[in-house]
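These notes concern the structure reproduced below.
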Amino acid sequence: MIVMTTKEIDTLVHEEVLGFCVHEWETMESVGPDVSFGEWLHTCEKCEAARTSTGHDLSPISGLVPAYSRDIAVAWSVLLHFVEIGFGVRVDQPFDNGRWRAEVYSKCRQPFSSPLFGEGDTAPQAICKVALLRAGVPV
Ligand SMILES: [Zn+2]
């Protein structure tokens with residue numbers, strides 16, 4: 021078992037499961053007519069993304085990822101991703117010890133396809149675990 025921080029888990033879910041970039045914004049140039057009130061163009065150091073802002077410094081929002089492993093609302097979006105690509109999902113609390121279990125399973129009942137489970141102290145943790153397993157990330 022690999023011990024990861026919540027930030028590491030959230031980053032892996034964002035990039036490896038959902039395919040998003042954890043942007044690292046770099047300020048490129050002012051694109052406004054007047055520098056003092058102008059818009060600034062920023063590009064991500066890791067992908068081709070670009071955005072503008074009226075503020076010069078986007079470093080406070082570089083590297084931000086949703087709290088998949090701590091917030092059930094964003095963890096739910098991970099389950100919906102698997103639903104959209106054709107999997108079935110299930111979240112329950114089947115144990116007497118209070119731990120949660122999340123399952124992502126193939127809807128076509130292939131004889132040798134076993135469902136994947138993730139377990140956690142909270143439902144978001146269980147969802148992140150099964151999502152990473154389904155994406156082939158060892159957890
Ligand atoms: Zn990026």
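Its first residue numbered 21, the sequence shown is counted upward by one per residue in my numbering. All C-beta atoms in this analysis are idealised placements derived from N, C-alpha and C, irrespective of residue type, glycine included.
Residue range 120-126 is occupied by the beta strand (DSSP E) that includes VAL124. Only residues of its own chain outside the window of five on either side were considered, and among them SER50, VAL51, GLY52, THR72, SER73, THR74 have a CB closer than 8 Å to the CB of GLU59, listed in chain order. When only Cα atoms are considered, ASP141 and ASP91 end up about 13 Å apart.
Counting along the chain, GLU46 sits inside the beta strand (DSSP E) bounded by residues 45-50. Taking all protein chains shown into account, HIS43 has 16 or more neighbouring C-beta atoms within 10 Å of its C-beta and is therefore buried. Going by C-alpha positions, VAL150 is about 17 Å away from PRO86.
Annotation for PHE107: VAL124 place their beta carbon closer than 6 Å to its own, counting only its chain and skipping 5 residues before and after.
Around the CB of PRO158, fewer than 16 other CB atoms lie within 10 Å, so the residue is classed as exposed.
Between PHE115 and GLY39, the alpha-carbon positions lie close to 32 Å from each other.
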